[in-house]
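If you're matching them up, the sequences are chains A and B in order. When the count follows the UniProt record's numbering, it moves up by one through the first sequence with no breaks and lands on 363 for the last residue. When the count follows the UniProt record's numbering, it moves up by one through the second sequence with no breaks and lands on 330 for the last residue. Think of the CB as a built atom: it goes at the ideal place given N, C-alpha and C, for glycine as much as any other residue.
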Amino acid sequence: MKVSFPYMGTTIVYKKLLELLGHEVIMPPKPSQRTINLGVKYSPEFACFPLKVIMGSYIEALEAGAEVLVTSGGHGPCRAGFYEQVHRRILEEKGHTVDFIVFNSMFRDFKQFYSNIKKLKDKNSWLKVIKSLWLVYLMINKLDILEKEVQRIRAYEVKRGETTKVWESIQKDFDTVRNKVQVMAAYDKGRKRLADIKTYEVKEDRKLRIGIVGEIYVVMEASINMKMEELLGNMGAEVERSQYLSQWVAYNALPSFINKTHEVDIIKAGEPFIPINIGGHAKQTVGHIADYGERGFDGVIHLMPFGCLPELVSQSIIPKISQQYDIPVLTLSIDEQTGTANNLTRVEAFIDLIRGKRMKKIS
Amino acid sequence: MKIGIPRSLLYFYYYPLWKIYFEELGIEVVTTPDTSKEIIDLGVKNSVPELCVPVKAYIGHFIKLLDMGVDYIYAPRFVSILKGQYFCPKFMGLPDMIRHSFDGVEDKMLIPMIHAQNDNIAEYKNFKFMEERFGVSPKANKLALGKAEKVWLEFRNSSLRGHTAQEAADMILNKPENHITATNRNPVKIGVLGYVYNLYDPYISMDLVKKLQSMDVSIKTFEMMEEKDLNKQLKKMSKNLFWTFSDKLLAAGYSFYEDEEIDGVIHVTAFGCGPDSMLGKLLEIDSTNYAKPFMTIRVDEHSGENHLQTRIEAFVDMIKRKKMKTRRGA
């Protein structure tokens, strides 16, 4: 099967999993202006931005010869659960024939989940599947550890852009691994390379730390959020994201009674503000801001797609949390408008303000 | 004791129930006047810009109520009125948006969770909060709820007989009827798809329904459809939308497409409405397959109504001309 998937974050891990199972993977190209244009052209005007970008990605993947698209589903209340239905209809309308394999929660409909797994499993033995899953999970974990390091170092690099370059080549190294030993080797090599990057010495009380929260797609996919992490890093701020793939996997794969991941605490922190799950990542967003506030971060950037339903609720509540935890929050809503100057100015002003606040504290 | 209910969102679907229920318990019910420029402005000033206009209107009505001297404001949290389905996230988080935006309002708000098996929300557990909060006896509570439910069912039946939710509510609550009867000289029937809180809010929809009726058009809306007919349509889809009212709209849309009596479909949606962005696209794609005229009207907090008048006139004229042509056999 020629398989493809939506482009989000460190895509090599999905690619690796499918490759290990013996599928031919058509890598969707990194979202570019063309991707966005294609997506916008065929998607409903008021659909949220991730739907449009993914639409564009699918079209590009199909052009490259993909036959099957693997994606996640959902049952609301956020729109993301219905993406695949709309995508399917639009692609049909456009004259493409394509199969979707949609993963809904296995706790809700295990039969369908199982049949999907079986489709992907193909002729592999279950042992092979479990081994592959385990290897990919290890890879995700190691990559996330390295990425967190990248987000820290980037703020202090001497040669601008070096960290990003190293990070890209680390991902390339990981792309070639086939077994556990190679994963560990790639990981050790990556650690060493990151440690070799020359950095400025910055006093502990001068360090700025910014959290990025919001809707998972715009937080994770750098090519559509103006490379927010790089941008903040270049301005001299350490960055932490609310979403990492390893956390997401751990949180979603475990049934609730043995789920002891950090995400559970985060959701608890969001409870006073939004007592029930209202879909998407609204509760996590709120919880993460509270968490960053408690951990003494200097500011939070809140990213959301234009018109995102759950994030609008969290955006409405943010002024209160920001006040309660004394942490500045900047909300940026992301859409297909590609003029970055205005958001850039806002982020710069935000960083200036935070730095000013920090200086006041020191003196 | 006075309880205030904002004249917005699901007020237009559940007001008969709420009014009778509270009045049976000896509580005075206060509602805000029709949405006005002033109320919308209040809402716009006190909310996040990207919210849709009905939610902004709700916030405006809410603030208005605070000034009207009520003791409590009934602001239920709608979660689900069908198993496995939900409301739009904005509905589910609405009480949170409000209570965290204004200081000191939380004590005044009554925020019961609404969970029900179907759109009849008169289930005991949804109204138990009155016992916990105000010491209403269970017996009196059940009695009031029973009466209220009966009235609400009458209201729904009246809709099923072909009245819009607004006309039905007026009739049930004995208000003078302001229904414009179509003279049926040139019968055009249009299916109007839209949420009750957009369609029947005279400010938001700019009285679209009455505008159509005054053009000799008879209309059909989702609340006039039998539940089982809607479900029949939904069964055909491989996966439903998971918002109940959106599902109803989509099903009504497909029934309108199949219904030979219906000459065209108008979809009224609010700028930035998430569920509608999906269902609107599906209906748009299919309108060509069924060869039915389909028009989207997108409303927001702006109040210029000339464009709307022109567009619906053009739409209706087009349909009339098309019908005339077929009659002549051209």
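Query	Result
Residue-chain proximity (P89 (chain B), chain A), Cβ-Cβ < 8 Å	yes
Where M97 (chain B) meets chain A, residues with beta-carbon distance less than 7 Å	V313, S316 and I317
Neighbour flag for P6 (chain A) against chain B, beta carbons, 8 Å	no
Any chain B beta carbon closer than 8 Å to M332 (chain A)	The displayed chain sequence assigns Leu, not Met, to residue 332 (chain A). No, its Cβ sits nowhere closer than 8 Å to a Cβ of chain B.
Per-residue contacts from S8 (chain B) into chain A (C-beta, under 7 Å)	What S8 (chain B) touches in chain A: nothing, since even the nearest Cβ is about 16 Å away.
Span of the alpha helix (DSSP H) around V209 (chain B)	L208 to Q213
Alpha helix (DSSP H) segment containing D41 (chain B), residue limits	K37 to K45
Reference Q243 (chain A), options A:D298, A:L303, A:M235 and A:K203, closest by Cα	A:L303
Per-residue burial, M130 (chain B) [other beta carbons within 10 Å of its own, 16 or more giving buried]	buried
Backbone CA spacing between K118 (chain A) and V129 (chain A) [nearest angstrom]	10 Å
With 16 other Cβ atoms within 10 Å as the buried cut-off, status of Q323 (chain A)	exposed
Chain A contacts made by the region 29-59 of chain B, where a contact means CB separation under 8 Å	S47, V48, E50 and L51
Chain-ordered residues of the region 236-249 of chain B with a beta carbon less than 7 Å from chain A	K239, L241, F242 and W243
Sequence-distant residues of the same chain with beta carbon closer than 8 Å to I180 (chain B), five excluded per side	Interpretation of I180 (chain B) is limited by its pLDDT of 49, a score under 50 that renders its predicted location unreliable; the figure taken from the coordinates is listed afterwards. For I180 (chain B), where only same-chain residues beyond five positions count, the Cβ hits under 8 Å are K210, Q213 and S214.
Test item: CB-CB of E301 (chain B) and K56 (chain B) under 8 Å	yes
CB contact check: G307 (chain A) to chain B, cutoff 8 Å	yes
Whole-number beta carbon distance between K189 (chain B) and S218 (chain B), since they are thought to touch under 8 Å	5 Å
The alpha helix (DSSP H) enclosing Y11 (chain B), as first and last residue numbers	Y11 to E24
Residues that T163 (chain A) bridges to, as DSSP identifies them	DSSP output for T163 (chain A) lists no bridge partner at all.
C-alpha distance - F12 (chain B) paired with I81 (chain B), whole-angstrom precision	16 Å
Segments assigned beta strand (DSSP E), at least 3 residues, entirely inside the region 257-330 of chain B	264-270 and 294-299
Nearest residue (CA-CA) to I145 (chain A), options A:D175, A:D188, A:K111 and A:K123	A:D188
Proximal residues to residue 364 (chain A) (C-beta, below 8 Å), its chain only, five neighbours per side dropped	The structure shown has nothing for residue 364 (chain A), since chain A only spans 1 to 363.
Cα-Cα separation between A182 (chain B) and T164 (chain B), rounded to whole angstroms	Because A182 (chain B) sits at a pLDDT of 44, beneath the cut-off of 50, its placement in the model cannot be relied upon, and the following sentence gives the value as read from the coordinates. Cα-Cα distance, rounded: 14 Å.
Contact with chain A by E131 (chain B), beta-carbon distance below 8 Å	no
Reduced DSSP secondary structure (H/G/I, E/B, other) of T183 (chain B)	Low confidence applies to T183 (chain B): its pLDDT is 47, below 50, so where it sits in the model is not reliable, and the reading given next is rough at best. Residue state, collapsed to three classes: coil.
Supposed contact pair E229 (chain A) and Q151 (chain A) - C-beta distance, whole angstroms, cut 8 Å	6 Å
Exposure label - T251 (chain B); buried when at least 16 CB within 10 Å	Correcting the residue identity first, residue 251 (chain B) is Ala in this sequence and not Thr. Flag for A251 (chain B) reads buried.
Contact the region 258-269 of chain B vs the region 287-306 of chain B: 3+ CB pairs below 8 Å	yes
Residues of the region 276-289 of chain B with Cβ closer than 7 Å to any Cβ of chain A, in chain order	S277, M278, G280, K281, L282 and I285
Supposed close pair S4 (chain A), I26 (chain A) - CB separation, criterion 8 Å	4 Å
Collapsed DSSP secondary structure at A237 (chain A) in the structure displayed	strand
Selection of the region 75-88 of chain A by Cβ proximity to chain B, strictly under 7 Å	H75, G76, P77, C78, R79, G81, F82, Q85 and V86
heavy atom of the ligand ADP below 7 Å from Q324 (chain A) C-beta	The ligand ADP is not part of this structure, which contains no ligands at all.
Proximal chain A residues relative to S101 (chain B), where beta-carbon distance stays under 7 Å	S316
Where S238 (chain B) falls, given that 16 or more other Cβ within 10 Å makes a residue buried	exposed
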